[in-house]
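Counting with my numbering, you get residues 962 to 1177 for the letters of the sequence shown.
Beta carbons are placed, not taken as given, at the ideal position from N, Cα and C, and that holds for glycine.
All values reported here derive from a predicted model rather than from experimental measurement.
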Amino acid sequence: MDLNESEFDEKVVYTLRIELLNGKVILYPINTENKQYLIKRLRAKSDGIDEDEPLRFLWFETSINRMVIININSIARITFCFDFAYQLKNPNSYFDNFNILYKETLLEEKEIKDGEVRLHVIEDEYLPQAIIYHAGKAPDDLYDNNPSTYSELNNGCLAGLTIELEGDCQLRQFINIIDDDGEETFVPFNQITLMEVDNNLIFEKDEDELEGLVDE
């Protein structure tokens, strides 16, 4: 029996495969809601009818409450791959696209193609709060790697970013990051190839909302 698109979405788990112009391939599991959101936006930009400003950044949520923002000018191709949900051991796993994680108890190796193996994370506690993959190379003085990683950041430090990405107000020129040792960094937004952050850096509950949760 043939399935319509909605029925098919209920039976599969989507992995977003993004090929960058530098040859790097990025994989992110996404749920059906985010798949539908992205498909709708990309189709609108593909049919020539959408009169809004061209997309500068593609953004979406992953299956483990992480926000990913990718510079459109860095993308070669986007493919919505799928697996049938019942075939997967852990459909919400996280691929270590940049090989930045240590092999801990809750990480497993998973073959993705032709013997290539990546770590994927069963729990998100080992992930840095923010990963920023810059255009260009890592610095000559080895001050940091590319991508840069950040931890112990303040909740809500990137608040309002989704409003900017939707085009409802002007996109900020720099991303301001203060890391755990107090160093303050400013990264030009248009030089960011990919940025991945915890949702709580962008969406911060206000005090009244938190008090309501406590009362419950």
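- The residue from 1123, 1013, 1002 and 1058 with its alpha-carbon nearest to that of residue 978 is 1058.
- Residue 1043 sits in a strand when the DSSP states are folded into three classes.
- Under the Cβ criterion (8 angstroms, minimum of three pairs), the segment 995 to 1002 does not count as touching the segment 979 to 987.
- If you look at residue 1133, you'll find it isn't in any alpha helix (DSSP H); DSSP assigns it neither H nor E.
- The C-beta of residue 1120 has fewer than 16 other C-beta atoms within 10 Å across all chains shown, which makes the residue exposed.
- When secondary structure is reduced to three states using DSSP, residue 1154 falls in the strand class.
- One Cα belongs to residue 1127, the other to residue 1142, and the distance between them is close to 33 angstroms.
- The three-state reading of DSSP puts residue 1104 in coil, since its state is none of H, G, I, E or B.
- Runs of beta strand (DSSP E) with 3 or more residues, each lying fully within the segment 976 to 1009, are found at 986 to 991, listed in chain order.
- Counting along the chain, no alpha helix (DSSP H) covers residue 1163, and no H or E run does either.
- For residue 1094 against residue 1023, the beta-carbon gap comes to about 15 angstroms, at or over 8 angstroms, which does not count as contact.
- Look at residue 1110 here: in three-state DSSP terms it is strand.
- In this structure, the alpha-carbon of residue 1032 lies about 9 angstroms from that of residue 1016.
- Between residue 1013 and the set 1111, 1129 and 1160, the nearest pair of CA atoms involves 1129.
- Its chain contains 970 as the residues whose beta carbon lies nearer than 6 angstroms to that of residue 993, once the 5 sequence neighbours on both sides are disregarded; these appear in chain order.
- Only residues of its own chain outside the window of five on either side were considered, and among them 1022, 1026, 1027 and 1028 have a CB closer than 8 angstroms to the CB of residue 1160, listed in chain order.
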